[in-house]
Amino acid sequence: MKKFQCLIGVMINLGTQTLLNEIYTELYITEGDSGEVNNEHEVRQIEAASRRRRTEETPIKCNDIFKPLSEQDKPIRTVLTKGVAGIGKTVSVQKFILDWTEGKANQDVHLIFPLPFRELNLMKDQKLSLMELLHVIFKETKETEMSSLEKVLFIFDGLDECRFPLDFQNTVRVCDVTESASVPVLLINLIKGNLLPSALIWITSRPAAADQIPSECVDRVTEVRGFNDPQKEEYFRKRISDQSLANNIITHLKSLRSLYIMCHIPVFCWISATVLERMLGEAESGEIPKTLTQMYTHFLIIQTNIIREKYPKKQESDEEMLLKLGQLAFQQLKKGNLIFYDGDLRKCGIDAREAAVYSGVCTQIFREEFGLHQSKVYCFVHLSIQEHLAALYVYLTFMKRRRNVLVQYNFKWMKKNTISDVHKSAIDQTLESQTGHLDLFLRFLLGLSLESNQKLLRVLVRQTGSSSQSIKETVQYIKEMISKNLPTEKSINLFHCLNELGDNSLVGKIQHYLKSGKQSKLSSSQLSALVFVLLTSAQELDEFDLSKYTSTYKITEDVVLKMMPVIIASSKAMLWDCVVSDEGCAALTSALRSNPSHLRELDLSSNNLGDSGVKSLSAVLENPHCKLETMRLWYCGVSHEGCAALTSALRSNPSHLRYLDLSYNNLGDSGLKILSAVLENPHCKLETLR
């Protein structure tokens, strides 16, 4: 109780620890997910999640994650909880344990063993038994007889921080708690149930790393979504004692869609509250942050000012400190690491003494954590702070030394290069990234080049600014990239980049076009802008009719594919006479398999789908994540073969289809016979057939 009663790693007020129960706001946690690995940047995942309708999901309270939903469900032994960085996974673990220690919940559990992966990394090469492992980390357990306990819970927090392989296929079987093995082997046998089969297991992970645990070893998957809109407001009202100021902060964030979406992440709420409490209160003056870069740069300045007040005799300049931390942030970002060890720090010229100073001085930026057996690990308070510092390092290194750290070689003639060349390197590398791990870093790097942000930075570093001509070149280069046939998530990030650079021209044009009510053929850039505008709108997409946005006779399958993220986010999609064929059907089936699938009504009438297109659509109707209730396939070239595929889907228990329109197709008597037969099947839920 003593260890977990205070908010770990975050101080709201300097020098005072915050009780978790005073600040804790219930997080929005849902049961289940698609089971697919999402490689988009986590901020993009948050932006996509902001469009989800709450009615489609099964919310679950943190303290209930081991409780079956009904009496018929089998007992739950292993839970995997996913969530992006800073969304509240570790705080959820902390709250679960605190409530247990205080006797508020889960009193059927006798002992809880929290074993974060950042701790286990330090023991990965040791060979010991499970009992010895517990005795080393939890010295109090030496007198405990494990076999006499009916129920214990192991919590493995931060699977994404694991620095050893988990080979579930080729690991030796261990069933005895006194048998020695390596830490990875003990872990795998615990999860598989070979060791302590009655023990409960809770694993938390960022989404990209979650697939390391085989699905057959997991009884329940939950996802921490962070704060929903009411919870965001509740957080700020709890965090800010002056309710008038809290209201002003909420109003400001609501007026900026990109920032308000980010408030799904509790850590971003904390950063925003830290900055806006000063900016909107009496402590500071100046332009109120409207972009991510402005928000994080203000946060960095506030923390550095606190450092100066706290340590006036600090020998190292702010600039030297930020460059060393920035180098660490940049090098580890490239590797995808959020947790660092002594060796990682030494590579950036940071020794143990400096690390201790940094973690003591920059408590809200850089943390040193003592493990349960007094080993040290280091981390930035949040991934986005690491990305901001990495961008600052790249920017300052070029400004001070004319060196582009994004490229392997820097020849003498490259000294004539401008910051725009650094931007182009970053844009190219971000677009090449399969995981999108540089998306937010790129937004920060571009934003730091604006004169307004450079004025802010001058209180921290000596530097020369970039010219407005370089910014124009960067903007032009981004627009050229958007005009190419990029994946939609990449073009959306480039629109966010334009926003950071203060350029709203493409979005402004499409907004004017939408207001005019005219219809014409849209270019690739205009279509990308349309997707960005529709997806970042505060309004829910109930019905998407493509013919409202562009002339029907101008629509090609490429247009349909470009608009697919909007189609996925809508509950009703009208794609009448849109030249959809096999490729479009394949994209639609992938969308309908996604979780949650928003589409309830799909009109594909007067498209050349043929039997092959209808077959792929039919296959997805059997997927439990597909919630399609109405499908119109009027005049789509469906024959007997297509009917056979549809009847198989209608016979499937998960199919939700209630209305099916097959008018003006060449079904023939044989097709109609097949359809008639399936109507007698008890699993067929169809109510209307045309």
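The sequence shown begins at 8 in the numbering used here and counts up by one.
Ideal Cβ placement from N, Cα and C applies to all residues, glycine included.
Sufficient close CB pairs (3 or more, under 8 Å) joining the region 222 to 231 to the region 249 to 258: no
Cβ pair Leu453, Cys504 closer than 7 Å: yes
For Ser248 and Ser535, the rounded distance between their alpha carbons: 42 Å
Val207 to Phe161 span [Cα, whole Å]: According to the sequence shown, residue 207 is Leu rather than Val. Between Leu207 and Phe161, the C-alpha separation is close to 6 Å.
Secondary structure of Val621, DSSP reduced to three states: helix
His395, buried or exposed, once every other Cβ within 10 Å from all chains shown has been counted against 16: buried
Spatial distance of Tyr671 from Val566 (CA atoms): 26 Å
Top-ranked residue by Cα proximity to Thr108, from Val384, Met406, Ala362, Met8: Met8
CB contact flag (Arg213, Asp167, <7 Å): yes
Local Cβ density within 10 Å of Glu126, reported as buried at 16 or more and exposed below that: buried
Gly42 burial status per 10 Å Cβ neighbour count (16 or more: buried): The predicted position of Gly42 is uncertain, since its pLDDT is 46 and thus under 50; no value can be drawn from it.
6 Å CB neighbourhood of Met269 in its chain, flanking five on each side removed: Phe275
Residues bridged to Glu550 [DSSP beta-bridge criterion]: Lys579
Glu241 versus Gly233: straight-line alpha-carbon distance, rounded: 13 Å
Cβ contact check for the region 579 to 590 and the region 615 to 624: 3 or more pairs under 8 Å: yes
Distance between Leu553 and Ile119 (C-alpha atoms, nearest Å): 54 Å
Contact under 7 Å by Cβ, Arg658 with Asn630: no
Distance CB(Ala397)-CB(Phe306) smaller than 7 Å: no
Whole-Å CB distance - Thr298 paired with Glu507, under 8 Å assumed: 5 Å
Assumed close pair Ser613, Trp641 - CB separation to whole angstroms, cut-off 8 Å: 7 Å
Validate contact between the region 424 to 438 and the region 398 to 410 using beta carbons, cut 8 Å, 3 pairs: yes
Cβ-Cβ separation, Ser577 to Asp549 (assumed contact under 8 Å), whole Å: 7 Å
Straight-line Cα distance separating Asp351 from Asn344: 10 Å
Cβ separation of Leu542 and Pro572, assumed to be a contact under 8 Å, to the nearest whole Å: 6 Å
Ser189, DSSP secondary structure in three states: strand
Exposure of Ser625, with buried meaning 16 or more beta-carbon neighbours within 10 Å: buried
Check whether Met130 and Val179 have beta carbons under 7 Å apart: no
Identity of the residue in Leu464, Val50, Leu287 nearest Tyr267 by Cα: Val50
Inter-residue Cα distance where the pair is Phe732 and Asp80: In the structure as shown, the chain begins at 8 and stops at 697. Residue 732 is therefore absent and cannot be evaluated.
Beta-ladder partner(s) of Phe161, from DSSP: Phe120, Ile208
Residue from Ile198, Thr637, Pro237, His632 with nearest C-alpha to Glu38: His632
Which of helix, strand or coil DSSP assigns to Leu194: helix
Leu635 versus His647 - alpha carbon distance: 22 Å
Candidates Ile94, Cys169, Cys69, of which the one nearest Asn113 by Cα: Cys69
Which residues DSSP lists as bridging Asp2, in chain order: Residue numbering for the chain in the displayed model covers 8 to 697; residue 2 lies beyond these limits and cannot be assessed.
DSSP beta-bridge partners of Tyr666: Thr637, Thr695
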